Structures are given as structure tokens and as C-alpha cells.
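Residue numbers (my numbering): 49 to 662.
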């Protein structure tokens, strides 16, 4: 008989939520920690299917209403508390954390957060879009699975004899394989990573394969086959150890949003999790008691609340403390404080909200709360606390939705740059561009002699660039990388529109390599080339800036504009994402380029604007 509780799964839940916590709270330590969600999927698919099959074996029926009621009791109380509390805190903090909060709340409450995120173009792996309830995407996939699973199980359990024994696991495995292949195929086809990650069609294979495993083990339990009889301990230990080692290796090596993650990495992590589940849930497995150790079990039992709380608390902390929260020792202090607060709030939620509603239901829990109000002093304090929380958070949540800004400060900065750039382009079009050097003396080039190619940072700074260099030609766009910039420079060279000096600000959106810089310099030819350093809280930025500095030092006619050095002491000049400049930051961006042009033209650089270094 399949048991209602499997030893070891709480410990495995603790490992899963630990992966996610390290991934989010301590960036860089565990780049593949997002795989913890896939461990959750595998556990959920296995456990929920096991419970349904056990119910059918015991009673000959599956009570759909009871199943969905239990799921609602399990998921909604903690989710509602987190939404109300976090929305209230967001109202106090204000700014970017409120953007899109109405859509996020609706998506989370209706368990369609994954699809609303896809519709809104949200990027799970983006760090500059502070969506407080982005982590509820996985709840959406799970709950959609819970809606379909019992209906499918109700049909499959009625299949007779061999058709049922083979058909149930094969169907779930086939559906899971289809989902896994869709994710990989989408990556090869160039689909957006977040579409593949958020989609129920492309990311439900953990749940489906977990269901297939449950069918196999359930059938073995009923028939007393080798699938359920105690196996040799060493076989189970090897299987579990191999699964855990593979999970650990993938968590250490996979990178967020990388093609490798979607073309086998996430799928392999799911298989590793299933191997561990299949091993630890076997009778007599010696690892299960270790996974049931009190600390692991404590975390595992509260893993749902921990998962819900940690992400919005982190974003709120980053909004309050700004760049300090992600620089120096600030990131460690912030992570530890958020972790501690997450554990405290998860325990309070588990004890006073989740467990009472799970045992008694919502209405009986409310009646119990009323009875507490007539009890002793401690009971009255508990009742009064709940009433106070509700009285504050419900209207505050409504106010947060109503007063939320439409765009983030970064989006506003970029849009401001785009609008003013269009006006500046019209002015530039009226001036005759030139490819010749300044006629006499150490004069800086005018705007009519400058071509600038950049990303959204340059786009946000374009009004200040246009003011500093009237008539400058600026081609800047969101999410642009260096390879695209090389192509643009080559196109302008071919069309004869590339001006006397070239300014390139590309490096914020990903790593660069020397080959692209060589191609860029080849397109520039004898023209002076200004490379603008990048500034962002991204793990590739130090490497980008080091390469830019080395390249400028090694090539005549190439100079580095020290945007990163200039802006680092002035985080107040940046939008809330810590990347895109406000108007004062745009002035600093323009100044960095102006200073670079001045350095390039000084005798100490041993090159004028008229010739290359070689």
C-alpha cells in the first residue's frame, strides 16, 4: 500500500528550497540554484499522484472536490498572507517595486502567474525588473497540473489489467518527455528563455515524470514485485548518491538562461531528482532517516512559506538599501538578514495560519479565532494581532494596486532618452556630418563629427549627449550587444555615414570578446575609437571592463571612457535598477566621453585625431 507520507521527502524539500535561497540571496555562489524548483516539481508530481492512487486503492474512488479543497487549504492561506503583507510593505517603500503589482497579484491569486508573466514579457532571469511576486510562476504551473491530474487519474485508474499497469506510467512519461523536448526544441529554435522557463507546456515535465514514477512504485506495492521489495542497500545508496551528486554538479555549473540549461541541463536535474526520490522512498532505505533529521525536516515542512517569503523580502531590501545591498559586504549582510526574516515569517505563517486552516478549514479557523478573542490574555493577543494585520494589509493592498506607477524609473529614463533622441536626430539631420578631423589645434570633434552606437544606457543618456555634442549621430537600443554594434558600424562604413570619430557603449548586456573589438576597430579604420566602460550588478561586468581597458591600452587611436569609475560613487544618479542614468547621471556619461576624447587628443597619447596608432 502506498503510504500517505514518505520518509525523506521533507529533507529533499529542504535541499530544494536551499538551492533556491542560495541562488537568490547569495548571487554567484550557486549559479544553477534555480534547479531547486525542478526538484520541487518532481516531488510534487510524485507525491500528489501517489496520494490519488492510494485513495483509489483504498476506496475505489477519487473525490475531486475533496482533493481540490485540500490543495486550496494548503496553498491559499500562506499565499494570501504573503500578498497582503508584501503589498503593504511595498506601498510604504514605493517606487519601482509597485510597478505591475496589480497584474502580479491577480496572476498569483489565480495561479496563472506564469502565463501573465509571459504575456507581460517578464524575464525570470532579469535582475533589473523588480517584480515582487515573480516567484509565484512555479505555483501557477503546479496548480494547473493539480487541476488536470485528478481528472486524468480518474480515467487512467479505470483502465483494466495490463493496459492500466503499463498505460498509466507510459502516458505520464510520454507527456513528460514531450514537455522536455519542447523546452529543448524551443531553445534550439531561438525562443525567449523566459517563455521556455515559464510555460506550462515546456516546463511541466518534472511533475509529469514524477507522476510516472508514482505509478510504477504504486503498482509494485500492490503486486509485491521487485519494484517495492527491499532492495540491496548499496543499490539504493548508489542511486541516491548519484542523483545528489548530479544535482550538486549542475547547480554549480549551469548558468541562468544559458542554452545548456534548456537543452538538457534542467531535464537532467529532473531525472537526478527522480532518482533520489525513487531511492529514498523504497522500504528500508538507510538515507531516509538522515534526510528526516530534525533541522532538514523543519525546513522541509516550511519550504512552501520559505519559498514564498524570501523573494519579495529580498526585493524590498534592495529597494530600501539601494546599491549597497549588492556591493561590497552589503550583499552578504542583506542576504543573511533576508534569510533570517524569511525563516521567522515562515514559522509564524506555518504555525498560526497554514496549519490551522489546513486542519480545520477556513470557516472553522475563523470561528476558532473568534473564540480566542474570548480566551485568556495570550489568546486575545493572538486574535487581536490577526485582526490588526487584516485591518492594515487589506486596504493597503488595494491602495498599492491603485497607486502603482505604470513604469519603472529605468523604463522612464529609457523612454525619456528615446523621445528626446528623436528630436536630437532631427536636429542632427539638418547638420552636415563630416568625416574630417578638426582643422586646427587641439580642438575636440563637434557633434557633426561623432557617431555613437550603444545600448539602453546610452539611450537613457542621449539627451545629455546631444546637448554636450550638438548634431551627434546616436544609434542606441535596449538589450543590444557588441556583436550587433559591430554590424551597425560596418553598415554605416559601407554607406558612407560613419563619421570622423566613433563612440561605442556596449557591454552591459553580456560578455564581450576581443574578436568583436578587432572587428569594431577594423570598421572604424583610422577613426578615433572611444570604448565606454559598463556599469551594472552583473557577474560579467568586471571581465568586460578589464578587456576594454586592456584593449584601449594596447591600440593607438583607442581610448576608454571611464563611465563605471565615474558613476560608481554616485548611485543616486541612477534609476532604481542601478544601471540606467537619470539626467544627472546622463551628464556624467557625456562628461566621461568628453574626457576620453580629450585624452585621445593630448600629446601624451601620441596620436591626433587624424591617424591610427599603428
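Backbone N, C-alpha and C fix where the C-beta goes; we use that ideal spot for every residue, glycine too.
Predicted model only: the values in this text are computed from it and were never measured.
Contact belief for residue i with residue j at Cβ below 8 Å, rounded distance in angstroms
i           : j           : result
residue 633 : residue 615 : 6 Å
residue 497 : residue 547 : 5 Å
residue 312 : residue 90  : Incorrect: roughly 16 Å between the Cβ atoms, too far for contact.
residue 165 : residue 246 : 5 Å
residue 495 : residue 533 : Not a contact, Cβ separation roughly 19 Å.
Whole-angstrom distance between residue j and residue i, CA atom to CA atom
i           : j           : result
residue 73  : residue 379 : 8 Å
residue 234 : residue 542 : 35 Å
residue 345 : residue 242 : 32 Å
residue 451 : residue 132 : 15 Å
residue 584 : residue 182 : 21 Å
residue 440 : residue 360 : 19 Å
residue 253 : residue 338 : 28 Å
residue 629 : residue 597 : 22 Å
residue 169 : residue 558 : 19 Å
residue 109 : residue 213 : 17 Å
residue 640 : residue 180 : 35 Å
residue 276 : residue 330 : Model confidence at residue 276 stands at a pLDDT of 44, short of 50, so the residue's coordinates are unreliable and nothing is read from them.
residue 465 : residue 508 : 4 Å
residue 388 : residue 65  : 14 Å
residue 645 : residue 301 : 41 Å
residue 216 : residue 307 : 32 Å
residue 572 : residue 623 : 32 Å
residue 560 : residue 185 : 32 Å
residue 563 : residue 362 : 38 Å
residue 432 : residue 396 : 15 Å
residue 189 : residue 648 : 55 Å
residue 347 : residue 61  : 8 Å
residue 341 : residue 54  : 14 Å
residue 535 : residue 565 : 12 Å
residue 69  : residue 92  : 19 Å
residue 430 : residue 94  : 37 Å
residue 456 : residue 467 : 16 Å
Segment limits, beta strand (DSSP E) that includes residue i
i           : result
residue 494 : Residue 494 -> no beta strand (DSSP E), and no H or E assigned at all.
residue 609 : 606-609
residue 551 : 549-553
Extent of the continuous alpha helix (DSSP H) run through residue i
i           : result
residue 521 : Counting along the chain, residue 521 falls outside any alpha helix (DSSP H), though it belongs to the beta strand (DSSP E) covering 521-524.
residue 622 : Note, residue 622: premise wrong, no alpha helix (DSSP H); not H, not E.
residue 93  : 84-107
residue 578 : Careful: residue 578 lies outside any alpha helix (DSSP H), inside the beta strand (DSSP E) at 577-580.
residue 512 : 504-516
residue 649 : 631-649
residue 242 : 241-246
residue 352 : 351-369
residue 310 : Residue 310 -> no alpha helix (DSSP H), and no H or E assigned at all.
residue 194 : 185-204
residue 315 : 314-328
residue 152 : 149-157
residue 560 : Careful: residue 560 lies outside any alpha helix (DSSP H) and carries neither H nor E.
Classification of residue i by the beta-carbon crowding that lies within 10 angstroms, buried from 16 upward
i           : result
residue 527 : exposed
residue 82  : buried
residue 282 : exposed
residue 668 : Lying before the first or after the last residue shown, residue 668 is absent from the chain, which here runs from 49 to 662.
residue 236 : exposed
residue 448 : buried
residue 79  : buried
residue 251 : buried
residue 576 : buried
residue 511 : buried
residue 471 : exposed
residue 586 : buried
residue 384 : exposed
residue 58  : buried
residue 113 : exposed
residue 375 : exposed
residue 63  : buried
Spatially closest choice to residue i from the options, by CA coordinates
i           : options               : result
residue 392 : 57, 261 and 353       : 353
residue 394 : 126, 54, 571 and 307  : 126
residue 460 : 471, 504 and 492      : 504
residue 458 : 322, 506 and 645      : 506
residue 517 : 612, 611 and 642      : 642
residue 355 : 589, 71 and 606       : 71
residue 121 : 500, 398, 619 and 611 : 398
residue 636 : 377, 320 and 580      : 580
residue 6   : 227, 370, 438 and 552 : This structure gives no information on residue 6, because the portion of the chain shown stretches from 49 to 662.
residue 76  : 285, 631 and 303      : 303
residue 152 : 445, 462 and 316      : 445
residue 220 : 239, 240 and 197      : 197
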